[in-house]
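Chains A and B supply the protein sequences, listed in that same order. Take 25 as the starting number for the first sequence in my numbering and just add one per residue. Take 27 as the starting number for the second sequence in my numbering and just add one per residue. Think of the CB as a built atom: it goes at the ideal place given N, C-alpha and C, for glycine as much as any other residue. Remarks on the structure that follows.
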Amino acid sequence: AQSVAQPEDQVNVAEGNPLTVKCTYSVSGNPYLFWYVQYPNRGLQFLLKYITGDNLVKGSYGFEAEFNKSQTSFHLKKPSALVSDSALYFCAVSSKAGGATNKLIFGTGTLLAVQP
Amino acid sequence: DTGVSQNPRHKITKRGQNVTFRCDPISEHNRLYWYRQTLGQGPEFLTYFQNEAQLEKSRLLSDRFSAERPKGSFSTLEIQRTEQGDSAMYLCASEPGLLYNEQFFGPGTRLTVL
């Protein structure tokens, strides 16, 4: 069965410092990986995805993620954190590719707190 | 606003009552999903529609839950005889009918069952 793990409930970083939010996955077959961000009282917003190709994926708001097949990881990164990046971040894997249902399996989320 | 909309945003009900939520997807998206999110957890898949056809239901979706998407447009999720354990955020997402596209989420409906 597919699963996603986000080992850190919370990540604290100072503004201007680089940030990393960790994600590991377990799937049978090729993984299709996503990062979403959730601000209070708002829905999930798409940040980026990995389907195939370059292992480094660039997304919205300066975020990027590195796909590592051997470590089954898809960590989210940003070179310089902003206070406004403080939010709840979810990693997700698609259960199936090829035109059928694309239901997402989410991790438990990581709260990113950026201190000024 | 051309995003996914959900109504109501909040619903408080007493145990045993029925509730219905509505989701209006992005108009050109033929795929629609419902998820449930409880405090401290990631969203969990409930059900999926392609156009008007409900193609998959999670085991989480008990007999008290029913979802429809008439004419492949908006969708409704009904919970009958609500229980306190149904208290959660119910999220709707839509997706274009293309491979590997991301899902666009609505703001959710927060249900509180007293």
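Exercise. Could you name the residues of chain B that T132(A) contacts, counting a contact when the two beta carbons are closer than 8 Å?
Key: G66, Q67 and G68
Quiz item: Given a threshold of 16 other Cβ atoms within 10 Å of its Cβ, counted over all protein chains shown, does A137(A) qualify as buried or as exposed?
Solution: exposed
Exercise. Report all residues from its chain with a CB closer than 8 Å to the CB of N127(B); omit the five preceding and five following residues, and keep chain order.
Key: E121
Practice problem: State the DSSP-derived secondary structure class of V81(A), mapped to helix, strand or coil. | Solution: strand
Quiz item: Of the residues Q63(B), Q67(B) and F100(B), which one's Cα is nearest the Cα of Q32(B)?
Solution: F100(B)
Practice problem: Could you tell me whether the Cβ of A93(B) comes closer than 9 Å to any Cβ of chain A? | Solution: no
Practice problem: Sort Q76(B), T64(B), L86(B) and C118(B) by Cα distance to L124(B) and report the nearest one. | Solution: Q76(B)
Quiz prompt | Contact set for V28(A): own chain, Cβ-Cβ below 7 Å, skip 5 residues either direction | solution = C47, Y49, C115, A116, V117, I129, F130 and G131
Practice problem: Find out if the Cβ-Cβ distance for the pair T108(B), N44(B) is shorter than 9 Å. | Solution: yes
Exercise. Report yes or no: is there a C-beta of chain B within less than 9 Å of the C-beta of N79(A)?
Key: no
Self-check item: Residue ranges of each beta strand (DSSP E) within the region 31-63 of chain B, 3 or longer
Solution: 31-33, 36-39, 45-50 and 57-63
Quiz item: How many angstroms separate the CA atom of V139(B) from the CA atom of K73(A)?
Solution: 36 Å
Practice problem: Report, in whole angstroms, the separation of the C-beta atoms of Q139(A) and N54(A), which I expect to be a contact under 8 Å. | Solution: The pair is not a contact, with the Cβ atoms about 38 Å apart (cut-off 8 Å).
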